[in-house]
DNA sequence: TATTGTTATACTCTATAACTATA
DNA sequence: TATAGTTATAGAGTATAACAATA
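Chains as they are written, first to last, in the UniProt record's numbering: chain A, 1 to 156; chain B, 1 to 156.
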């Protein structure tokens, strides 16, 4: 059965669903991208109220879990260039979420450490992300989530 | 046993592996991002010799599979703004991979159609991507690839 | 009034290269 | 010579807003 709205859209050649994904649908990478984008959009929204973006959250949580990490080590952990880390660390330091401390014995490097406010914000973000993941993966059972996790790990 | 190189790195605090992923490792979204990035990097490399990027490839293959699609429809299919489509279509048209044809009865819109060269380049890209996927998913059996595909579809 | 395509503009993320100070 | 951090700059991708032509 074709609804009036469907017919109107079909007549105008204007339905989003009418576009054939074609060969794209046969690529597992296409499904991966769509799933990633779906999750990522909700992920962004779930962190927005805390003033965090993916890059700032990742950096903050790694610093919390690795006290006295250097900027170069952080760059490798985030898989970005050191020049990019400077901007993120500037931002986090400006918000007093982390501090740049001197390293005894190497005056080139900084030892990055989260402040109390930084640890608290990280914990709040983790809670927000747990709620986000529960929301986004609601259609999968515990077993299926574990299976997905395992398959993704095998790809990496 | 600790190798000389490992010891040197440990002494310098310089091993990439020494950074604790911490709570990040407990997020399925983190595994998804890493798997997506791994695949995406190889995907980019697999299209480079054809002069295609993800955006230009996606647009080209959708145009091939949907002759006479409009730019607005293409924008919805790619989930980007119409202004972005203009640039991609300009590029593909400049390389004579597609043509902008007039639509009888609506002088506002274009009907996009791939040229012979466009269809051939699309087919070559599909072959390159099939090789890329075989490479990237080599660690998974056919059944596991199907399982991954199904789980990703459920997330979308 | 609404839609199609277009232009101008800006923002985010990331990379490259050159620089300084230290090692 | 090599490394840690910094700065300046540029590129890709995308978004927003305003516009002309057409519906």
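Every residue, glycine too, gets a C-beta built ideally from N, C-alpha and C. Just so it is clear, the structure is predicted and the values come from calculations on it, not from any experiment.
Residue 29 of chain A at chain B interface by Cβ criterion, 8 Å: yes
Any 3 or more C-beta pairs closer than 8 Å across the segment 57-65 of chain B and the segment 111-131 of chain B: yes
How is residue 65 of chain B classed by DSSP in three states: helix, strand or coil? helix
7 Å Cβ shell around residue 5 of chain A - same chain, five flanking residues per side excluded: Low per-residue confidence applies at residue 5 of chain A: pLDDT is 35, beneath 50, and the placement is therefore not dependable enough to give any value.
Just to confirm before moving on: does the CB-CB distance between residue 46 of chain A and residue 128 of chain A stay below 8 Å? yes
Check each residue of the segment 74-92 of chain A: if its Cβ is closer than 7 Å to any Cβ of chain B, include it; give the result in chain order. 76 and 77
For a contact meaning CB atoms closer than 7 Å, what does residue 69 of chain B contact in chain A? 19
If you draw a straight line from the C-alpha of residue 25 of chain A to the C-alpha of residue 57 of chain A, how long is it? 33 Å
So residue 152 of chain B and residue 32 of chain A are supposed to be a Cβ contact under 8 Å. How far apart are they, rounded? That pair is a contact at about 6 Å.
Checking contacts by CB at 8 Å: is residue 102 of chain B closer than that to chain A? no
Alpha carbon to alpha carbon, what distance is there between residue 77 of chain A and residue 141 of chain B? 30 Å
Put residue 101 of chain B into one of helix, strand or coil per three-state DSSP. strand
Scan the segment 107-151 of chain A and note each continuous alpha helix (DSSP H) run of 4 residues or more that stays entirely inside, going in chain order. 116-136
So which residues on chain A does residue 22 of chain B lean against when the C-beta distance must stay under 8 Å? 61, 62, 64, 65 and 66
Residue 101 of chain B: buried (16+ other C-beta within 10 angstroms of its C-beta) or exposed? exposed
Hey, how far is the Cα of residue 52 of chain A from the Cα of residue 43 of chain A? 11 Å
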